[in-house]
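A.B. asks:
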Amino acid sequence: MPFPQKLPAAFYTRPDVVTIARDLIGKSFYTCFDGVLTGGMVVETEAYSGLNDAACHAHLGRRTKRTQIMYEPGGVAYVYLIYGIYSLFNIVTNVAGTADAVLIRAIEPTEGIEEMQLRRGLSKVEPRLTAGPGLVTQALGISTRHNGIDLSGNEIWFEDRGVQVPEDQIVAGLRVGVAYAGADALLPWRFSLKGSRWVSKAKPKY
DNA sequence: CGGCAGATCATCT
DNA sequence: GATGATCTGCCGC
């Protein structure tokens, strides 16, 4: 099979959001706005499930203006503003009517590094470039105006570039910033690439 | 390096 | 009216 290959809709519509979050480690994440290509390899994700996950915005089928996009078929973006400052990017997964999503928390930069430095206001290439969910979106030029965008298009998409990540190189841990979710905060639904300096430094409150 | 205050606003109660 | 799937800068060690 020739690489690179844009991830097909079938990758996102699978039913297990936790599996999808794990599978995304090692895939490539790109944006191309006004002919400017930026991106890198996904090294950290978190899974959120509409069913049985109090940390999910769409917990128990909650439908609000903000969460409605999560009920679309897998393969579109869910982007929302947090703390009035940062846009967080998620991939909606599973079939229509379900509300699962994968938060992209960190990437290892590979394409358009200078442009990403410009967007982040950094003169050096360091983890602060893309190691965190609010930083990835800044570096890639993503904001809430991209909420709902289709990942089969040519502005925001994911690719399989043939990178093989062995199971034992993927670390499962607690999600960050979801202490409000009670027992569900203990779900090991955060995945990261072992040893990568591009994984965010944030630590779960447990 | 660790802890903490502050930024800033769309969304939801 | 309160809060958040965050990040930065400042302060003290």
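Counted from 1, the first sequence has number 165 at position 165 by the UniProt record's numbering; the numbering is strictly sequential. Where is the CB? At the ideal position from N, CA and C, for every residue including glycine.
1) Ala99: buried (16+ other C-beta within 10 angstroms of its C-beta) or exposed?
2) Since I believe Arg161 is in contact with Ser28 (beta carbons under 8 Å), could you give me their beta-carbon distance rounded to a whole number of angstroms?
3) Which residue's Cα is closest to the Cα of Val139: Ala185, Glu159 and Glu108?
4) From the DSSP output, in three-state form, read off Asp23 for me.
5) To the nearest angstrom, how far is it from the Cα of Tyr180 to the Cα of Val125?
6) How far does the beta strand (DSSP E) with Ile113 in it reach, from first residue to last?
7) To the nearest angstrom, report how far apart Arg22 and Gly35 are at their CA atoms.
8) Less than 8 Å between C-beta atoms, sequence neighbours within five positions excluded: which residues of the same chain meet that for Asp168?
9) With a threshold of 8 Å, are at least 3 pairs of Cβ atoms found where one atom belongs to the region 43-59 and the other to the region 145-163?
10) Just confirm the distance between the C-beta atoms of Val171 and Phe191, as a whole number of angstroms; I'd bet it's less than 8 Å.
11) Could you spell out the range, first to last residue, of the alpha helix (DSSP H) harbouring Thr137?
12) Could you name each continuous beta strand (DSSP E) segment of 3 residues or more that falls completely within the region 48-96, going from the start of the chain to the end?
13) The ligand PLP heavy atoms versus the CB of Leu186: any closer than 6 Å?
C.D. replies: So, to answer that:
1) Here residue 99 refers to the residue found at position 99 of the first sequence. With 16 or more Cβ atoms within 10 Å of its Cβ, Ala99 is classed as buried.
2) Here residue 28 refers to the residue found at position 28 of the first sequence. Here residue 161 refers to the residue found at position 161 of the first sequence. 5 Å between Cβ atoms; contact.
3) For the purposes of this step, residue 139 is identified with residue 139 of the first sequence, where counting begins at 1. Going by the sequence as given, residue 139 is Ala instead of Val. Closest by alpha carbon: Glu108.
4) Here residue 23 corresponds to residue number 23 of the first sequence, with the count starting at 1. Note: Asp23 maps to helix in three-state DSSP.
5) Numbered from its first residue, the first sequence carries residue 180 at position 180. Numbered from its first residue, the first sequence carries residue 125 at position 125. Rounded to whole angstroms, Tyr180 to Val125 spans 34 Å at the Cα level.
6) As a first step, residue 113 is located in the first sequence; it is residue number 113 there, counting from the start. Run containing Ile113: none in the beta strand (DSSP E); it sits in the alpha helix (DSSP H), Ile113 to Arg120.
7) Counting from 1 along the first sequence, the entry for residue 22 is found at position 22. Counting from 1 along the first sequence, the entry for residue 35 is found at position 35. The straight-line gap from Cα to Cα measures roughly 30 Å.
8) Counting from one through the first sequence, the residue named residue 168 turns up at place 168. Lys194.
9) no
10) Against the first sequence, residue 171 aligns to sequence position 171. Against the first sequence, residue 191 aligns to sequence position 191. Confirmed, about 7 Å.
11) Taking the first sequence and counting its residues from 1, one reaches residue 137 at position 137. Looking at the DSSP string, the run of the alpha helix (DSSP H) that includes Thr137 is Pro133 to Leu140.
12) For the beta strand (DSSP E) assignment, the uninterrupted runs of no fewer than 3 residues enclosed by the region 48-96 are, from N- to C-terminal side, 77-82 and 86-93.
13) For the ligand PLP, the structure offers nothing, since it holds no ligand at all.
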